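Worksheet: the structure to be examined is printed underneath.
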Amino acid sequence: MKWIPLVMCFVLVSGGICEAKVDLVSLPSRDSVQLTIYNSADLTLAKESRSLTLKEGFNDLQFSWANTLIDPTSLELVPLTNADRIDVQALTYPPRVKNLGLWNIDSGLSGQIPVEISYLTSGLSWRAFYLGTLTPDEKEMRLKGYVRVLNNSGEDYENAQVRLIVGKVHIIDQIAQLAQRQYPYERPGIYPAAQPEVHSKRSRQDVRVMKSVMMGEGIAFGSVAPMETKEIIKEGLSEYFLYTIEGRETILNGWSKRLPSFDVASVPVVNLYKYEEERYGYQVIRFLSFKNDEDHLLGETPIPGGLLKVFRNVDAENHLSYEGQSEFKYIPIDEDVELNLGAVQNIVVEPKLMNLKTENFMFDRHGNINGWDEVRTYKMEVKNTRQVPVEVEIKRNFNALKWDIHNEGAEVKYEKIDANTVKYKLALQSKENKTFQYTLRTFHGRRGDHK
Amino acid sequence: MKKNMYLKSVIMLSMFCFLSLSVAEARIKLVALPKRADTIIRLDNPQFTLIEEERVLTLQQGLNKVDFSWNGVSIDPDSIRIDILSHSDQVTLLNVSYPPNENALVWEISSAGAREEKIRVSYLLSNIDRLITYKSVADKAETQVNFKSHLILRNFSGEDFANAKVLLDYGESFEEGIRHEETKQLLFLKAGTVPIEKVWQWDSKKQIWDPEEVDQNVGIPVHYRITNTTDSNLGQNALWNGKMRVFQLDGHGSTILLGEDAVDLTPVGEDMEVYIGDSRDLVVTQRKMVDKQTNIRRNTSGRVVLYDNEEQVTAKIENFKDTNAKLKMVQHIPGEWDMHSCNFEYKKENANTIEFEIDVPAQGKAELVMHYFRRNIRN
Chain A
127 MKWIPLVMCF VLVSGGICEA KVDLVSLPSR DSVQLTIYNS ADLTLAKESR
177 SLTLKEGFND LQFSWANTLI DPTSLELVPL TNADRIDVQA LTYPPRVKNL
227 GLWNIDSGLS GQIPVEISYL TSGLSWRAFY LGTLTPDEKE MRLKGYVRVL
277 NNSGEDYENA QVRLIVGKVH IIDQIAQLAQ RQYPYERPGI YPAAQPEVHS
327 KRSRQDVRVM KSVMMGEGIA FGSVAPMETK EIIKEGLSEY FLYTIEGRET
377 ILNGWSKRLP SFDVASVPVV NLYKYEEERY GYQVIRFLSF KNDEDHLLGE
427 TPIPGGLLKV FRNVDAENHL SYEGQSEFKY IPIDEDVELN LGAVQNIVVE
477 PKLMNLKTEN FMFDRHGNIN GWDEVRTYKM EVKNTRQVPV EVEIKRNFNA
527 LKWDIHNEGA EVKYEKIDAN TVKYKLALQS KENKTFQYTL RTFHGRRGDH
577 K
Chain B
-5 MKKNMYLKSV IMLSMFCFLS LSVAEARIKL VALPKRADTI IRLDNPQFTL
45 IEEERVLTLQ QGLNKVDFSW NGVSIDPDSI RIDILSHSDQ VTLLNVSYPP
95 NENALVWEIS SAGAREEKIR VSYLLSNIDR LITYKSVADK AETQVNFKSH
145 LILRNFSGED FANAKVLLDY GESFEEGIRH EETKQLLFLK AGTVPIEKVW
195 QWDSKKQIWD PEEVDQNVGI PVHYRITNTT DSNLGQNALW NGKMRVFQLD
245 GHGSTILLGE DAVDLTPVGE DMEVYIGDSR DLVVTQRKMV DKQTNIRRNT
295 SGRVVLYDNE EQVTAKIENF KDTNAKLKMV QHIPGEWDMH SCNFEYKKEN
345 ANTIEFEIDV PAQGKAELVM HYFRRNIRN
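Residue numbers (the numbering used here), protein chains in the order written: chain A, 127 to 577; chain B, -5 to 373.
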């Protein structure tokens, strides 16, 4: 079943609106269609080219879009040739008819005219996801990127050029809501209210979506060329990246399609473990760190945010173990990436308060305490129980704004992050333990006055 | 009979000769229904739409009663005016009366002789208005846009207008018919090429300081700045508020949508700022490196009553793009304050807001360091 935006061309006998729906001249089919699909918003820019047969003089062209999710305020018709002789005078949304528009065209010539009809629609979406496979020593990762395009628009798109936009677009109205309005621009004095989301057709589509998931993805849904030959061409435009999928795709309503985006054989990665009580509690979090640059065999384009599932090759037969997954955000070119794979127990960070003392008391004229220092000595024990070398980052936050810190015994150094945070960074070999100690002095009351 | 007439036209002007009948009787005696001639729909006031319609009355010598009534439409009765156009010296409006429980009024018009008289009736009609929308298509380099604006005429007044002159406060008028419940989109401004400035803006009150602390990307809002001047091929009139959609040529004969925004009314000479989307290739990490009380004053009990606060804020700006970027950075410092040192020039927007314009080279970095004292903070 197809729900196609219909274009009908009418020649008007006397140019009056009331007489518009007479003398059907032609019903041109879609010659080609281009879809530019966004993922930061439910938004797709569709462009169709069609050939219209125009008569010299006034022509009314009817466009209807029942059962689709097209935003009627976005409709535009542009003649691709003879633009100076074809004047699109108005777009009328006639009374008491839903999902129908009439273009009033004054043509200086007659004959076949190629036109482009563009509009915004909702219901098409895409997302990126990734599969990573670590080498047994966890120094490198094979990274495969995919995109999955989903058509839930109510419209079958056959042999469409599919383009994807990576970026955060600013929109003020949801296209799905614009598509469901009774009147394209509402009535005067009525402010757009949230429309009920479900109508009967949507629920039917949802069933179809679920079915496509169950049937699995990666099936060639009647596409012309085999999937593995497709490449995705990536280019920057303004603040966005445009991914153009080679060739043409057919995505029927309710179906989704997985397409490979990139495949890098060996990205050098660092096993990074973090400990920060205020952020993660009393546990160590595992990160996989690399950089989106040439040194890491990446860096050609930003990497769109998505879910990465990480596996590891465990033996010579390439058996896999599942290491964890991480939802990551958009990664610009040259940006460092830290993928949070969750809490682990095989790396241990144990801060121990070894000593606490107070000193340098100050008293006011009534003999009450109004200033003192608190001195705490912490012993930090860091243990790598794994077979592979790791890096550990420990952040310590202090409640007081006035403090002094001294390290003892170890080669570790701290880096000041902000007014009350420092960071220690340690590299541990396989099965290595390290211990260091620091003494923190905080100044309270009048003791802080001149620090 | 009158009911039948209402079905045809909801706004009616009827006329009858004044013989010796009372108003109530006379209004049943419909003599002539003068046809509506030229009609103007004036949309220069965004809140109220003024309709002006011209009609020709056939007046008898002496006193004439003209009945103006409406049904199913909302007219402000106090706004109804009548202007005598052809013989204003010989035709006089004597009084206006309103019949009970009806949407109607009766003009008593005195005429020196029997003649055809052109009049203009004007009134404020509800539920007919206009919206303005804009469409801009930027070039690939983002230095200019092709700028046009549409008028959206919405008629839900209850009245059909077969043919009317539609006027805005500027631009050419349209000759359009518009029926009840009809919406029409008409192109009314085609400015051609308009230069733009692309600005990235980071505001310390609106944006997250440390993007590492959050799981989502912290986008830096990107604006296109369009100046409403003749140099920009605009500048003839104020640009009304409305919805703007911005597209960009993609270099392959097609376009992409960059974003949309609701733009404010922009008077001549001023800038229109269009928020199109967020950049994720520009990253700002702002941190407070020093935050401490100094110059502490205490009362006799030792309680702190007055102090200054020394603060040092650093903002690291990383540009991952392969083009230079101009970042407008807005910083807020509450209370009274003195800047001790700052490595960039700033403009004081008001007592507590300062603005920087920082150029960040392609794939480069910049760092703003502000060292200031907030003075005389009471405890």
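Ideal Cβ placement from N, Cα and C applies to all residues, glycine included. Everything numeric in this text was worked out from a predicted model, so none of it was measured.
Chain A within 9 angstroms of residue i, Cβ atoms only
| i | result |
| --- | --- |
| B/Arg239 | yes |
| B/Glu254 | yes |
| B/Arg219 | no |
| B/Glu136 | yes |
| B/Ser120 | yes |
| B/Ile202 | no |
| B/Thr260 | no |
| B/Asn39 | no |
| B/Asp316 | yes |
| B/Glu19 | Residue confidence is low: B/Glu19 scores 40 on pLDDT, short of 50, so the model does not pin down where it sits. Its coordinate-derived value is still stated next. No - not a single Cβ of chain A is within 9 angstroms of the one on B/Glu19. |
| B/Pro355 | no |
| B/Ala360 | no |
| B/Val278 | no |
| B/Lys381 | In the structure displayed, chain B extends from -5 to 373; residue 381 of chain B sits before or after that span and is not available. |
Best match in the options for proximity to residue i [C-alpha to C-alpha]
| i | options | result |
| --- | --- | --- |
| B/Gly236 | B/Asn337, B/Phe338, B/Ser143, B/Leu88 | B/Ser143 |
| A/Lys294 | A/Phe367, A/Tyr256, A/Tyr283, A/Ile239 | A/Phe367 |
| B/Leu183 | B/Asn318, B/Leu145, B/Trp194 | B/Leu145 |
| B/Glu343 | B/His326, B/Arg368, B/Lys200, B/Asn65 | B/His326 |
| B/Ala135 | A/Ile297, A/Glu365, A/Glu357, A/Lys483 | A/Glu365 |
| A/Val273 | A/Lys383, A/Tyr311, A/Asp263, A/Gly362 | A/Lys383 |
| B/Arg75 | B/Glu46, B/Gln55, B/His81, B/Asn58 | B/Glu46 |
| B/Gln62 | B/Ile5, B/Gln280, B/Ser295 | Reading off the sequence, residue 62 of chain B comes out as Phe, not Gln. Nearest option by C-alpha distance: B/Ile5. |
| A/Lys549 | A/Lys435, A/Glu541, A/His570 | A/Glu541 |
| A/Asn225 | A/Val463, A/Arg307, A/Gln451 | A/Arg307 |
| B/Lys159 | B/Asn346, B/Lys322, B/Asp32 | B/Asp32 |
| A/Val508 | A/Ile495, A/Asn165, A/Ser556 | A/Ser556 |
| B/Ile214 | B/Asn227, B/Thr221, B/Asp204 | B/Asp204 |
| B/Asp272 | A/Thr370, A/Leu363, A/Ile377, A/His492 | A/Leu363 |
| B/Ala163 | B/Val299, B/Asp353, B/Phe42, B/Arg291 | Looking at the sequence shown, residue 163 of chain B is not Ala but Asp. The option with the nearest alpha carbon to B/Asp163 is B/Phe42. |
| A/Tyr399 | A/Phe413, A/Tyr406, A/Tyr256, A/Glu449 | A/Phe413 |
| B/Lys315 | A/Asn439, A/Gly425, A/Ile212 | A/Gly425 |
| A/Glu404 | A/Ser452, A/Asn525, A/Leu479 | A/Asn525 |
Extent of the continuous alpha helix (DSSP H) run through residue i
| i | result |
| --- | --- |
| A/Glu596 | Outside the modelled stretch of chain A, which goes from 127 to 577, sits residue 596 of chain A, for which no answer is possible. |
| A/Ala305 | 301 to 306 |
Host beta strand (DSSP E) of residue i (start-end)
| i | result |
| --- | --- |
| A/Ala216 | 212 to 219 |
| A/Ile429 | Note, A/Ile429: premise wrong, no beta strand (DSSP E); not H, not E. |
| B/Gln195 | 191 to 197 |
| B/Ile34 | 30 to 36 |
| B/Phe42 | Taken as a continuous stretch (DSSP letters only), B/Phe42 belongs to no beta strand (DSSP E), as it is neither H nor E. |
| A/Ile459 | Element bounds for A/Ile459: n/a, residue is neither H nor E. |
| B/Ala319 | 319 to 326 |
| A/Asn225 | Note, A/Asn225: premise wrong, no beta strand (DSSP E); not H, not E. |
| A/Val241 | 237 to 247 |
Chain B within 9 angstroms of residue i, Cβ atoms only
| i | result |
| --- | --- |
| A/Gln579 | As shown, chain A starts at 127 and ends at 577. That puts residue 579 of chain A outside it, with no answer to give. |
| A/Pro220 | yes |
| A/Ala305 | no |
| A/Glu581 | Not covered by the structure: residue 581 of chain A. The range shown for chain A is 127 to 577. |
| A/Asn546 | yes |
| A/Leu368 | yes |
| A/Asp299 | yes |
Minimum Cβ-Cβ distance from residue i to chain D less than 9 angstroms
| i | result |
| --- | --- |
| B/Met283 | Absence of chain D from the displayed structure is noted, the protein chains being A and B. |
Anything in the region 477 to 507 of chain A with a Cβ closer than 7 angstroms to a Cβ of chain B? List those residues in chain order, please. Asp490, Asn496
In the region 145 to 164 of chain B, which residues sit with their C-beta less than 7 angstroms from some C-beta in chain A, listed in chain order? Under the 7 angstroms Cβ criterion, the region 145 to 164 of chain B contributes Ile146, Arg148, Phe150.
Spell out a yes or no on whether the region 526 to 535 of chain A and the region 476 to 493 of chain A are touching, meaning 3 or more CB-CB pairs, one atom from each, closer than 8 angstroms. no
Can we say the region 97 to 110 of chain B touches the region 278 to 296 of chain A, given the rule of at least three CB pairs closer than 8 angstroms? no
Going along the region 284 to 296 of chain A in order, which residues come within less than 7 angstroms of chain B, judged by CB to CB distance? Ile291, Gly293, Lys294, Val295, His296
Below 7 angstroms between beta carbons is the criterion; list the residues of the region 457 to 471 of chain A that meet it against any residue of chain B, in chain order. Pro458, Ile459, Asp460, Glu461
Chain B contacts made by the region 386 to 408 of chain A, where a contact means CB separation under 9 angstroms: Arg405
So, does the region 102 to 115 of chain B touch the region 222 to 230 of chain B, judging by three or more C-beta pairs under 8 angstroms? no
Short-range partners of chain A found in the region 262 to 276 of chain B, where Cβ spacing is below 7 angstroms: Tyr269, Ile270, Gly271, Asp272, Ser273, Arg274, Asp275
Are the region 161 to 170 of chain A and the region 210 to 217 of chain A touching by the rule of at least three beta carbon pairs closer than 8 angstroms? Contact between the region 161 to 170 of chain A and the region 210 to 217 of chain A is absent: fewer than 3 CB-CB pairs across the two stretches fall below 8 angstroms.
Are the region 174 to 191 of chain A and the region 250 to 264 of chain A in contact at 8 angstroms, needing three or more beta carbon pairs? no
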